[in-house]
Amino acid sequence: MALAQDPLAPHKHPPTSCPHLLRGEVPLRLRQHLVAHHELADGGGAEQRGVVVGMELPVPAVLLQVGARGGLAPCQGLTATPGAAGLDHELAFSKIIVELRKKHPGHILPDEDLQWVFVNAGGWMGSMCLLHASLTEYVLLFGTAVDTGGHSGRYWADISDTVISGTFRQWKEGTTRSEIYYPGDTIVHQAGEATSVQWSAGTWMVEYGRGFIPSTLAFALADTLFSTQDFVTLFYTLRVYAKGLLLEANAFFSTWGC
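The sequence shown begins at 1071 in the working numbering and counts up one residue at a time.
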């Protein structure tokens, strides 16, 4: 006899992927690495072409659409292959970094600049490792070793997170139920949205953001400035972002032969 579903139980969100990938040509050899087809009509009606990069199973596939000058994506989707669920997050992160450097030389911070930095924002505490940053986009690793939760923030940027391990719970503004995301799921936080967020201990993710990135720093650093007053963390955060900007500036001028 089937049991009736508890109407108050939180919804388990089915595996999803970022719906914000611009249409582009995908090499046949890479299609087998994708969990689903991703498509989004460009707001301006024009189509942009790029290269979608997949990672070998069972490593999470990071899809990057390369811009005209070899930069990172005008839009990016982060998803995971079925075999990625349960994979050790440190191993997954290491392979992701290696693959990104192969596909986007000059755009991913070198090992000596990679650093796990605490993030206190919206009442929650996590840690991030920045891989790429510019004025309009970023890619980072994020997670927490303890249970934590709070306010998501409301940004002038679109952000997507793919869960590598653990669970992530989200309660969207205007709703009365939360949704739970598991390894392989991708959560899309669109510009202007606000949610309640909660991570279980041992939750680790890959995050991509696109928009006016400096505007996100106000929320990301507010608790550090006015609550924890951890100015060492403040310094680390600003320093690694500055390194990302310098790396992108160098890549930009290199394309012009400067």
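Just so it is clear, CB atoms sit at the ideal spot from N, CA and C, and this is done for glycine as well. On a predicted model such as this, the values are computed, not experimentally measured, just so you know.
Review point. For Ile1167 versus His1202, is the C-beta spacing smaller than 8 Å?
Key: Taking the sequence shown and counting its residues from 1, one reaches residue 1167 at position 97. Taking the sequence shown and counting its residues from 1, one reaches residue 1202 at position 132. No; because the gap between Cβ atoms is not below 8 Å, this pair is not in contact.
Point to revise | Beta-carbon proximity list for Ala1271, same chain, < 8 Å, skipping 5 on both sides | key: The count along the sequence shown starts at 1 and reaches residue 1271 at position 201. Contacts found: Thr1214, Ala1215, Val1216, Asp1217 and Gly1236.
Review point. So the beta strand (DSSP E) His1159 belongs to, where does it begin and stop?
Key: If you number the sequence shown from 1, residue 1159 lands on position 89. Counting along the chain, His1159 falls outside any beta strand (DSSP E), though it belongs to the alpha helix (DSSP H) covering His1159 to Lys1173.
Check your understanding: Which same chain residues, not among the five before or five after Asp1293, have their C-beta less than 6 Å away from its C-beta?
Key -> By 1-based counting over the sequence shown, the position of residue 1293 is 223. Excluding positions up to five away in sequence, the list reads Asn1190 and Ala1191.
Exercise for review: Within its chain, find whatever has a CB closer than 6 Å to the CB of Glu1318; leave out the 5 residues flanking it on each side and keep chain order.
Suggested key: Sequence index remark: in the sequence shown, residue 1318 carries index 248 (1-based). Closer than 6 Å at the Cβ level, and outside the excluded window around Glu1318, lie Ser1204.
Check your understanding: If you follow the beta strand (DSSP E) that Phe1282 is part of, which residue opens it and which one closes it?
Key -> Taking the sequence shown and counting its residues from 1, the one referred to as residue 1282 is at position 212. Phe1282 -> no beta strand (DSSP E), and no H or E assigned at all.
Review point. Going by Cα to Cα distance, which pick from Ile1283, Pro1253, Ala1264 and Thr1286 is closest to Trp1274?
Key: Here residue 1274 is taken as the residue at index 204 of the sequence shown, counted from 1. Taking only the C-alpha atoms, the option nearest Trp1274 is Pro1253.
Check your understanding: Roughly how many angstroms lie between the CA atoms of Leu1304 and Leu1295, to the nearest whole one?
Key -> For the purposes of this step, residue 1304 is identified with residue 234 of the sequence shown, where counting begins at 1. For the purposes of this step, residue 1295 is identified with residue 225 of the sequence shown, where counting begins at 1. The straight-line gap from Cα to Cα measures roughly 8 Å.
Review point. For Ala1264, which option in Arg1247, Trp1241 and Gly1193 has the closest C-alpha, if you only look at C-alpha atoms?
Key: Taking the sequence shown and counting its residues from 1, the one referred to as residue 1264 is at position 194. Checking every option, the nearest Cα to that of Ala1264 belongs to Trp1241.
Check your understanding: Shortest alpha-carbon distance to Ser1197 belongs to which of Ala1321, Asn1320, Val1276 and Leu1316?
Key -> Counting from one through the sequence shown, the residue named residue 1197 turns up at place 127. Considering only alpha carbons, the answer is Val1276.
Practice item. Taking Arg1239 as part of the beta strand (DSSP E), name the residues at either end of that continuous run. Key: Here residue 1239 refers to the residue found at position 169 when the sequence shown is read from its first residue. Phe1238 to Lys1242 is the span of the beta strand (DSSP E), which, as asked, contains Arg1239.
Review point. Taking the DSSP output, what are the residues bridged to Pro1248?
Key: By one-based count along the sequence shown, residue 1248 stands at place 178. Per the sequence shown, the amino acid found at residue 1248 is Ser instead of Pro. Answer is Trp1241, bridged to Ser1248.
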